[in-house]
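K.L.:
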Amino acid sequence: MYGLIGKMLRVNLTEGTVAEEYLSDVLVKKYLGGRGLGTKIYVDEVDKDTDAFAPENKLILMTGPLTGTFATSAGRLMWITKAPLTGTIGCANSGGEFGPELKYAGFDGVIFEGKSEKPVYLYVKDGKGELRSAEELWGQSVFVTTDKLIEETDPDARVCCIGPAGENKVLFAGIMNEKNRAAGRGGLGAVMGSKNLKAVVARGTGSIKVADKEGFLAACIDARKKLKENPVTGAGLGAYGTEILVNIINASGGLPKHNWRDGAVDPDADQISGETLVEKYLVRNKGCFGCSMACGRVTKIKDGPYKSAGEGPEYEAAWALGSSCGIHDLAAICRVNFLCNEYGMDPITLGSTFACAMEMFDKGLLTKEEMGGNLAFGNADAIVEFATKTALREGFGDKLAEGSYRMAESYGVPELSMSVKKQEMPAYDGRSLQGMGLEYATSNRGGCHVRGYLTSPEILGIPMKLDPLVTDGKAEMLKIFQDLTAVVDSVGICLFTTFGIGLAEIGNMVRTATGWDMTDEELLATGDRIWNMEKLYNLSQGFTRADDNLPPRLLTEPLPEGPAKGKVCELDVMLEEYYRLRGWNEKSIPTKEKLSELGL
Amino acid sequence: MIVRYFAYYRNDTGLKEEKLLLEPLTALELLGKLSERYGETMRKQWLSPDGKDIHPDVIFLIDGRNIDFVDGKNSLVQKDAVVSLFPRIAGG
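Listed below in structure tokens is the structure:
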């Protein structure tokens, strides 16, 4: 097999066994790898009625055919299971160096099943995998765990692990690698914790075969050249990171304030912007494996109450902990982001859950006594304090650890949760970016921005310009973006490459690496297949058209100011067209003809 | 009118924002005037070589609306407008 190694590890945590398995060529070509192949393995092997935390549930770690190769930004890995936060298919990806290292160690992925009696970690080294005790690591932070495992195994090893949030089954716990890279959304770290699996460590000295060495090299050089010459991927992302979006989204009237309650124009947004981060706290930028964009932020708060150092924040985290909470102290936001990395926790859901609690406090539905603190809009100290309480499920942190929907629902006000399918929407108001509203409503993993990033054409003009205030053309573009994203997530490269290259360049890299006879159109159709496979899983979990929805606030409360003043999200209009283009009926169920066309 | 600068434009102009006392003018005319003030470096970033068009890498908002969805380079900037100027950027 080319691109992929062709081998997986199957780890039965109940039995304590580790076995090798070979991948089928036919299956790989049909689902590519990463998100597609991992999901296919998951839906084939796990009974649909299995609870996310049941030992019978499985957790899949999967790389793609380009992961670890010379393809541009090819450091991606994907984790797949049922997401405990949403109950949908859960898949979250991460960059860094771990994915390539796993392939160099001889495996494309790992299927974890069962539940270990005691904490363990998996050590994979040059063609062999073994389970080892992690009892002494249980309770330790991501940073301590990573350092100790490198010390215990190999100085060049790479570590994926959970922190206390995953152990405590915080419903938005992530799985971290190289300390600061996160498969963050949906709570997959809690599934890992439920299995008493603390970490996966990889060290390999092998290599990856590609089908057409010269062709692959040429395709990669072409893609890298285009990324280098593009002003966004060649300069902007490295200079300012993703946080550069704060000001442009705000200026466009799309940065939600105070739990999306008080419009989407934040007069103080610049205080938490990418420009301010560079000016005050940036130490240097940092890239993942094989990436020339290097959008990562190494940051340091040199003094004051939040003195600390780490990485981030990304734009969505800065918004969730910032504008949505009415907080403009960037040092405090950085500090909470660092804590999220240490505990292994998603800062988007954390910040959004804080914002929801703050609105409930504002409305008198929560008291300081009940919270054991003052989680009020604008209180920077409180978000630092409650980040730890949430990760450890201490006091009111136990409620926050359930995410905003379950917390608000327990007080009878689920409508105050700014979530879709119980996962919080990040940072782009669907009233001022109509296409993003449709994206949130239809995302297979709940409120999420990276399943079909229509902000790109609506605000950034990439690859074309679409008016953010109109609904025309959004469904058609979203379907293409969703399908292409499924391809990108499956082959193992970073989604940000699509700011500078497209399907043609990706197709060239995939074909020359794998030897697959597959046109660009067929590759995109594979993305369609993957999207529909995920949809079918969600339907099996009881999700219906009613769940392809947005919080009432976005549908009924017009924005009070800015370029989208008076607008709500016109979801129904876009949704009808979207279903038609997808080949789904009015109940959002794929037709028999569509499934037949996709070979599902 | 208020003109706000972001990303690299802040470094190149040395400003986050400035107030200008100008009569209504088009987006292209405004960038022409700003180019006169900030010199060749900014002219190259903001305008086409012949000065007849706005450089494709400029994101030009008038009161939050991208001029591409108004009247392009001929979009009118009123005396009390807020103009936001961004280079081509992305994130996510």
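Which chain is which? The protein sequence lines are Y and E, in order. One point on numbering: in my numbering, the residue at position 183 of the first sequence is 179, and numbering is uninterrupted. One point on numbering: in my numbering, the residue at position 69 of the second sequence is 81, and numbering is uninterrupted. Each residue gets a CB set at the ideal place from its N, CA and C atoms; glycine is no exception.
Does DSSP classify Leu118 of chain Y as helix, strand or coil?
P.N.:
Strand, per DSSP.
K.L.:
Pull up the distance between the alpha-carbon of Thr77 of chain Y and that of Leu55 of chain Y, whole angstroms please.
P.N.:
So the alpha carbons of these two residues sit roughly 5 Å apart.
K.L.:
If you drop the 5 nearest sequence neighbours on each side, which residues of the same chain put their C-beta closer than 7 Å to that of Arg541 of chain Y?
P.N.:
The residues are Lys583, Ser584.
K.L.:
By the three-class DSSP mapping on this structure, what secondary structure does Glu29 of chain E have?
P.N.:
Of the three classes helix, strand and coil, the one that applies to Glu29 of chain E here is strand, per DSSP.
K.L.:
What's the call for Asp524 of chain Y, buried or exposed, on a 16-neighbour Cβ count within 10 Å?
P.N.:
Asp524 of chain Y comes out buried.
K.L.:
Count the other C-beta atoms from every protein chain shown that fall within 10 angstroms of the C-beta of Thr467 of chain Y, then say buried if there are 16 or more, exposed otherwise.
P.N.:
That one is buried.
K.L.:
Quick check on Ser96 of chain E - is its C-beta less than 8 Å from some C-beta in chain Y?
P.N.:
Answer yes: the Cβ-Cβ gap between Ser96 of chain E and chain Y drops below 8 Å somewhere.
K.L.:
Return the chain-ordered list of same chain residues with a C-beta closer than 6 Å to the C-beta of Ser413 of chain Y, the five sequence neighbours on each side being excluded.
P.N.:
These residues qualify, in order along the chain: Cys352, Ser400, Tyr401, Ala404.
K.L.:
Considering only residues of the same chain and omitting the five flanking positions on each side of Asp264 of chain Y, which have a CB-CB separation below 7 Å?
P.N.:
Contacts found: His324.
K.L.:
Are the Cβ atoms of Arg100 of chain E and Asp65 of chain E separated by less than 8 Å?
P.N.:
Taking 8 Å as the Cβ cut-off, Arg100 of chain E and Asp65 of chain E do not qualify as a contacting pair.
K.L.:
Mind listing, in chain order, the continuous beta strand (DSSP E) runs of no fewer than 3 residues lying wholly within the segment 49 to 78 of chain E?
P.N.:
Listed in chain order, the complete beta strand (DSSP E) runs (minimum 3 residues) inside the segment 49 to 78 of chain E are 70 to 74.
K.L.:
Going by DSSP, what residue range makes up the beta strand (DSSP E) through Tyr17 of chain E?
P.N.:
Looking at the DSSP string, the run of the beta strand (DSSP E) that includes Tyr17 of chain E is 14 to 17.
K.L.:
From the beta carbon of Ala19 of chain E, is the nearest beta carbon of chain Y less than 8 Å away?
P.N.:
At least one chain Y Cβ lies under 8 Å of Ala19 of chain E.
K.L.:
Can you tell me where the beta strand (DSSP E) with Phe98 of chain E in it begins and where it stops?
P.N.:
First-last of the beta strand (DSSP E) with Phe98 of chain E: 94 to 99.
K.L.:
By the three-class DSSP mapping on this structure, what secondary structure does Ala260 of chain Y have?
P.N.:
Coil at Ala260 of chain Y, not helix or strand.
K.L.:
What residue does the beta strand (DSSP E) around Leu4 of chain Y start on, and which one ends it?
P.N.:
Residue 4 of chain Y is actually Met in this sequence, not Leu. Per DSSP, Met4 of chain Y belongs to the beta strand (DSSP E) from 3 to 8.
K.L.:
What residues from chain Y crowd round Arg77 of chain E, counting only those whose CB sits closer than 7 Å?
P.N.:
Neighbours of Arg77 of chain E on chain Y, chain order: Pro559.
K.L.:
Could you give the residue range of the alpha helix (DSSP H) that holds Trp527 of chain Y?
P.N.:
516 to 536 is the extent of the alpha helix (DSSP H) around Trp527 of chain Y.
K.L.:
Rounding to the nearest angstrom, what Cα-Cα distance links Gly105 of chain Y and Ala39 of chain E in this structure?
P.N.:
Each residue's Cα considered, the two are about 53 Å apart.
K.L.:
Buried or exposed: which applies to Asp92 of chain E, given that a residue is buried once 16 or more other Cβ atoms fall within 10 Å of its Cβ?
P.N.:
Per the 10 Å Cβ criterion, exposed.
K.L.:
Please determine, among Y:Leu362, Y:Thr522, Y:Leu577, Y:Ala219, the residue with the shortest C-alpha to C-alpha distance to Leu596 of chain Y.
P.N.:
Answer by Cα proximity: Y:Thr522.
K.L.:
For Phe495 of chain Y, would you say it is in contact with chain E, using Cβ-to-Cβ distances shorter than 8 Å as the test?
P.N.:
Taking Cβ atoms only, chain E reaches closer than 8 Å to Phe495 of chain Y, which makes this a yes.
K.L.:
How is the beta strand (DSSP E) around Gly55 of chain Y delimited, first residue to last?
P.N.:
Looking at the sequence provided, one finds Leu at residue 55 of chain Y rather than Gly. Its beta strand (DSSP E) spans residues 54 to 59.
K.L.:
Which one of Y:Gly457, Y:Gln478, Y:Ala161, Y:Leu465 has the shortest CA to CA distance from His445 of chain Y?
P.N.:
Taking only the C-alpha atoms, the option nearest His445 of chain Y is Y:Gln478.
K.L.:
Check each candidate in Y:Thr552, Y:Gly237, Y:Phe66, Y:Leu273 and name the one with the smallest Cα separation from Lys563 of chain Y.
P.N.:
Checking every option, the nearest Cα to that of Lys563 of chain Y belongs to Y:Thr552.
K.L.:
What's the C-alpha gap between Lys99 of chain Y and Tyr(-2) of chain Y?
P.N.:
Their backbone Cα atoms lie some 12 Å apart in a straight line.
K.L.:
Does DSSP put Arg177 of chain Y in a helix, a strand or coil?
P.N.:
Strand at Arg177 of chain Y.
K.L.:
Compare the Cα-Cα distances from Thr149 of chain Y to each of Y:Ala130, Y:Tyr533, Y:Val14 and report the closest residue.
P.N.:
Checking every option, the nearest Cα to that of Thr149 of chain Y belongs to Y:Ala130.
K.L.:
Give me the Cα-Cα distance between Arg280 of chain Y and Leu233 of chain Y, rounded to the nearest whole angstrom.
P.N.:
Approximately 13 Å, taken between the alpha carbons.
K.L.:
Can you pull the chain Y neighbours of Phe81 of chain E, defined as C-beta to C-beta under 7 Å?
P.N.:
Those within 7 Å of Phe81 of chain E in chain Y are Asp463.
K.L.:
Pull up the CB-CB distance for Phe49 of chain Y and Val187 of chain Y, whole angstroms please, since I reckon it's below 8 Å.
P.N.:
Yes, they are in contact, since the Cβ atoms of Phe49 of chain Y and Val187 of chain Y sit about 7 Å apart, within 8 Å.
K.L.:
Quick one: residues in its chain with C-beta nearer than 7 Å to the C-beta of Asp152 of chain Y, no 5 flanking neighbours on either side, listed in chain order?
P.N.:
Excluding positions up to five away in sequence, the list reads Arg199.
K.L.:
Tell me whether Ala15 of chain Y sits in a helix, a strand or coil according to DSSP, three-state version.
P.N.:
Ala15 of chain Y: strand per DSSP, three-state reduction.
K.L.:
Taking the alpha carbon of Cys216 of chain Y as the reference point, which residue from Y:Leu546, Y:Leu133, Y:Gly498, Y:Tyr533 has its own alpha carbon closest?
P.N.:
The candidate whose alpha carbon is nearest that of Cys216 of chain Y is Y:Gly498.
K.L.:
Could you tell me whether any Cβ in chain Y is nearer than 8 Å to the Cβ of Leu46 of chain E?
P.N.:
It does not: the Cβ of Leu46 of chain E has no partner Cβ on chain Y nearer than 8 Å.
K.L.:
In the DSSP assignment, find the unbroken alpha helix (DSSP H) run with Arg578 of chain Y in it and report its ends.
P.N.:
From DSSP, the alpha helix (DSSP H) with Arg578 of chain Y extends over 567 to 578.
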